[in-house]
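If you're matching positions, the sequence shown starts at 0 in numbering that gives the first Met the number 0 and goes up one per residue. Encoded as structure tokens, the structure appears first; notes follow it.
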Amino acid sequence: MKKFLMSLIGVALAINSAFAQKIVQSRNGIKVKTGSQNVEIKFYSPSIVRVFKTPEKHPYSKASLVVTKSPEKVELTFRKEANKVILQSSKIKVQLDPAKGNITFFGSSGKQLLQDSSTLFDPKDDAGTPSYSVKGSFVLDRSEPIYGIGQVMDNKFNRRNSSYLLKNENMFTYSPYFMSLKGYAVYWDNYSISNFSDKPGELSFQSLGHCADYYFMYGGNADGIIKQVRNLTGKAPMLPLWAYGFFQSKERYQTQEEGVDVLRKYRNLKVPIDVIIQDWRYWPEYNKTDSAWNSQTFDRERFPDPKGWVDEIHKLNAKLLIVTWPGFGPKTPQRRELDSKNMIINFDTWPPKSGARPYDVYNPEALNIYWKYLNKNIFSYIKNDGWWLDSTEPDHINVKESDFDLPTHLGSYRSVKNAFSFMHNGGIASHQKATSHDKRVVLLTRSGFIGQQRYGSNTWSGDVASTWEMLEKQIPAALNYTLMGIPNWNSDIGGFFAGRWNKEGGAKNPKFQELYVRWMQFGTFCPMMRSHGTEIPREIYNFGDRGEWCFDAQEKMINLRYRLLPYTYSTSWDVSSNDGTFMRPLVMDFPADKETHEIGSEYLFGRSLLVAPVTKPDVKTWPVYLPEGTDWWDFWTGEKVKGGQTVNPEVPKDIVPIYIKAGSIIPWGPAVQYSSEKKWDDLEIRVYPGTNGTFTLYEDENDNYNYEKGRYSTINFLWDDPQKLLTITDRKGSFAGMLNTRRFRISVVKPGNANGLTDSQHTKTIVYKGKKQTIKF
0 MKKFLMSLIG
10 VALAINSAFA
20 QKIVQSRNGI
30 KVKTGSQNVE
40 IKFYSPSIVR
50 VFKTPEKHPY
60 SKASLVVTKS
70 PEKVELTFRK
80 EANKVILQSS
90 KIKVQLDPAK
100 GNITFFGSSG
110 KQLLQDSSTL
120 FDPKDDAGTP
130 SYSVKGSFVL
140 DRSEPIYGIG
150 QVMDNKFNRR
160 NSSYLLKNEN
170 MFTYSPYFMS
180 LKGYAVYWDN
190 YSISNFSDKP
200 GELSFQSLGH
210 CADYYFMYGG
220 NADGIIKQVR
230 NLTGKAPMLP
240 LWAYGFFQSK
250 ERYQTQEEGV
260 DVLRKYRNLK
270 VPIDVIIQDW
280 RYWPEYNKTD
290 SAWNSQTFDR
300 ERFPDPKGWV
310 DEIHKLNAKL
320 LIVTWPGFGP
330 KTPQRRELDS
340 KNMIINFDTW
350 PPKSGARPYD
360 VYNPEALNIY
370 WKYLNKNIFS
380 YIKNDGWWLD
390 STEPDHINVK
400 ESDFDLPTHL
410 GSYRSVKNAF
420 SFMHNGGIAS
430 HQKATSHDKR
440 VVLLTRSGFI
450 GQQRYGSNTW
460 SGDVASTWEM
470 LEKQIPAALN
480 YTLMGIPNWN
490 SDIGGFFAGR
500 WNKEGGAKNP
510 KFQELYVRWM
520 QFGTFCPMMR
530 SHGTEIPREI
540 YNFGDRGEWC
550 FDAQEKMINL
560 RYRLLPYTYS
570 TSWDVSSNDG
580 TFMRPLVMDF
590 PADKETHEIG
600 SEYLFGRSLL
610 VAPVTKPDVK
620 TWPVYLPEGT
630 DWWDFWTGEK
640 VKGGQTVNPE
650 VPKDIVPIYI
660 KAGSIIPWGP
670 AVQYSSEKKW
680 DDLEIRVYPG
690 TNGTFTLYED
700 ENDNYNYEKG
710 RYSTINFLWD
720 DPQKLLTITD
730 RKGSFAGMLN
740 TRRFRISVVK
750 PGNANGLTDS
760 QHTKTIVYKG
770 KKQTIKF
């Protein structure tokens with residue numbers, strides 16, 4: 000503290016006396032009056048800086064909904080350089096121009112990263128409350144690529160030279176955040192309907208509020224940035240093993256028997272499946288109206304034995320996700336209670352003409368009430384395994400501009416709209432975890448916001464059209480969304496609205512079948528693999544019989560998904576423990592290769608598998624760019640290819656291009672009908688040589704929160720390429736049911752050997768008992 004005060008005195012003495020009076024000490028930074036604004040610069044860590052600005056005569060304090068981090072004790076140096084005030088940590092330097100109010104951020108090496116050029120406060124009436132339209136502007140390098148902003152269906156990857164209205168709606172999920180290839184990110188901490196604009200000379204956010212409040216995060220690269228985002232807004236928890244299996248859904252299963260019968264058919268066909276999802280209107284429909292919309296109770300004729308229904312699903316070794324909505328019909332007890340306490344936002348939500356209205360998710364008591372009914376009527380009663388949170392934008396019917404003036408617990412709806420999903424997900428996740436530690440929270444949700452990763456939420460892309468154009472748009476939308484630090488994302492395999500394909504046979508229409516299979520190939524390499532839609536049923540047996548190409552192509556991808564479970568579940572641990580990412584745009588791992596900066600059509604699933612989904616019909620080959628700096632192995636043919644070039648592999652309808660990075664170590668699980676059917680006591684470990692590599696095999700109890708108490712194990716595999724030596728290290732950790740002895744069948748792939756799902760001929764088998772072993776090839 001003494002060093003801080005002496006530094007501050009030094010700064011004050013070096014600057015004219017008028018300015019000296021404006022510097023005020025604050026923890027980990029300074030408060031300054033510049034022009035007509037109060038500016039606070041505060042280090043939350045050596046890599047994270049908060050900048051908080053308010054009009055001089057209107058001070059304001061704010062508690063963030065999203066930021067969970069408290070400021071660390073940070074060693075800072077303070078000095079003056081050419082009438083500029085400098086604050087420097089071990090990672091970044093912040094320079095303030097007290098005359099102009101500009102703030103410039105530098106890396107520790109002195110390289111300029113970003114300049115905050117201006118902040119404007121324009122007085123604004125917010126539903127009767129004095130407020131401001133706040134515009135924060137930044138200056139970037141002219142050709143600097145940036146990513147983020149959210150899930151946008153515009154087929155863009157690099158967000159430069161684009162503008163968006165940040166208003167969360169079905170299929171469009173935004174956060175005021177961007178990350179730069181230069182190794183930094185900015186999160187503008189505001190939840191209002193906002194504008195983002197990047198034009199020559201200025202990138203800006205413009206929002207409704209009382210302050211400009213943003214966080215500058217420096218990570219050095221994309222992985223480092225995501226680590227800082229989660230440090231600031233919350234870590235991503237582990238999902239259970241079953242969440243990485245196959246999900247089947249439709250709009251909708253009319254009765255409890257219909258959904259169970261789907262599972263029976265999958266089991267009889269021996270096609271793997273883990274989850275069935277129950278969509279809307281399982282509740283009573285009085286006089287065939289929606290006045291009891293989302294009552295969270297069961298219609299006695301169609302669901303006569305809800306507990307027995309779920310028990311039967313569990314006996315079939317499957318799990319149930321059940322839908323719940325944020326809006327309530329006028330004849331539900333939830334609506335009556337929430338209305339009586341002014342905890343309803345009074346605009347019409349889905350379905351039309353029902354009178355359903357959303358609850359005030361911003362009110363902590365309303366979140367308690369919501370869970371009270373959900374827990375009593377469903378979770379603690381039928382023991383379901385997860386939630387489908389539909390309409391979390393939420394849907395808005397018969398929109399009137401005055402609807403956005405409606406009050407919530409935290410201000411006008413306009414001022415907090417974009418955080419609706421975040422608050423709704425948070426309420427359910429927090430309550431369920433407090434209720435039961437036996438089941439990890441699994442949430443499927445139609446919207447999101449930065450920080451939502453801490454609730455285990457898996458955002459899907461909404462009610463997208465069943466078209467090739469929409470399939471193509473899914474990929475860059477997903478990649479930009481996950482670059483906000485939210486790792487879990489998926490889409491309706493086949494697209495939601497598919498009625499256009501009914502004229503030529505629906506599920507038997509060859510054109511729809513090709514689109515569906517290509518979409519499933521993409522879905523195989525998403526964090527959640529989920530078939531869903533309306534107008535055409537999506538269960539595998541509706542497309543034909545085994546032996547017909549469409550059935551076989553689907554079964555091939557579902558089986559691939561299950562064989563990859565040890566890899567995927569270990570990746571989930573990397574996401575949770577090391578702030579990793581499932582869907583990794585090429586720019587994450589190969590930023591030095593300029594070709595990757597604009598590629599949003601392919602990605603790495605985990606750190607090893609490059610996937611290039613086919614998004615056009617009737618193609619014989621498909622262009623795939625392989626980043627330079629490494630060699631790549633064609634998964635299907637075993638061909639070894641040098642990076643830094645575009646290849647054009649053949650892509651018959653049952654093949655999606657998959658390339659494996661040299662140096663990868665991939666564990667292959669057993670063929671199973673559901674995720675936990677067999678123990679991993681006999682795994683094939685595939686080594687793709689060409690450079691050194693590592694992999695950590697993670698295992699735990701597959702569900703519950705015991706992993707948070709350290710009940711899990713890891714085994715590291717190390718490949719020494721020059722020596723052709725694989726080292727398996729001592730196992731670390733333990734948990735109930737852990738395998739003490741197991742077999743590893745270790746295969747080193749050789750050029751030209753077709754790989755697929757067949758075992759390599761170049762295999763050595765060892766018995767592993769938890770102690771270090773080395774295997775020479």
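Positions of the beta carbon are idealized from the N, C-alpha and C atoms, including for glycine. Nothing here was measured: the structure is a model prediction, and the numbers come from that model.
Go ahead and pull the three-state DSSP assignment for W667.
-> strand
Is it true that the CB of A291 sits closer than 8 Å to the CB of P283?
-> yes
Considering only residues of the same chain and omitting the five flanking positions on each side of G579, which have a CB-CB separation below 6 Å?
-> D573
Note down the Cα distance separating M342 from S174, rounded to an integer number of angstroms.
-> 25 Å
Run the proximity test for R606: is its beta-carbon closer than 7 Å to any non-hydrogen atom belonging to the ligand NAP?
-> Because no ligand of any kind appears in the structure shown, any question about the ligand NAP cannot be addressed here.
Around the Cβ of S46, are there at least 16 other Cβ atoms within 10 angstroms (buried) or fewer (exposed)?
-> buried
For T323, the three-state DSSP class (helix, strand or coil) | strand
With a threshold of 16 other CB atoms inside 10 Å of the CB of E55, please say whether the residue is buried or exposed.
-> exposed
What is the residue span of the beta strand (DSSP E) that E311 lies within?
-> E311 -> not in any beta strand (DSSP E); alpha helix (DSSP H) instead, spanning P305 to K314.
Just how far apart, CA to CA, sit R439 and V84?
-> 48 Å
For Y704, the three-state DSSP class (helix, strand or coil) = coil
Could you tell me if Q829 is buried or exposed, where buried requires 16 or more neighbouring beta carbons within 10 angstroms of its beta carbon?
-> No answer is possible for residue 829: it lies beyond the span of the chain, which begins at 0 and ends at 776.
I774 versus I727 - alpha carbon distance = 8 Å
Can you list, in chain order, the stretches of the beta strand (DSSP E) that have 3 or more residues and sit fully within the stretch 447-493?
-> 456-459
Runs of alpha helix (DSSP H) lying entirely within the stretch 349-403, each at least 4 residues, in chain order | 363-373
Figure out for me which residue from E707, F734 and F776 has the closest Cα to the Cα of R234.
-> Reading off the sequence shown, one finds Lys at residue 234, where the question assumed Arg. Answer by Cα proximity: E707.
Within its chain, find whatever has a CB closer than 8 Å to the CB of S116; leave out the 5 residues flanking it on each side and keep chain order.
-> N101, S136, F137, V138 and E201
Outcome for H423 when other beta-carbon atoms lying within 10 angstroms are tallied against a minimum of 16 = buried
DSSP beta-bridge partners for D681?
-> R742
Determine the direct distance from the alpha carbon of G642 to that of P271, and round the result to whole angstroms.
-> 35 Å
Bridge partners of E649, per DSSP?
-> T620
With DSSP as the reference, label F195 as helix, strand or coil.
-> strand
Any 3 or more C-beta pairs closer than 8 Å across the stretch 672-688 and the stretch 201-217 = no
In whole angstroms, what is the alpha-carbon distance linking F776 and I657?
-> 25 Å
S294 beta carbon less than 8 Å from that of T323 | no
Is the beta carbon of V463 less than 8 Å from the beta carbon of G494?
-> yes
Complete beta strand (DSSP E) runs within the stretch 220-259 (minimum length 3 residues, chain order) | 245-247
Could you name the residues that DSSP lists as bridge partners for P129?
-> D124
Is D298 helix, strand or coil when you go by DSSP?
-> coil
Are there three or more Cβ pairs, one per stretch, closer than 8 Å when the stretch 644-664 is compared with the stretch 685-696?
-> yes
Top-ranked residue by Cα proximity to E534, from K314, G504 and T523 | G504
Around the C-beta of A552, are 16 or more other C-beta atoms found within 10 angstroms, so that it is buried, or is it exposed?
-> buried
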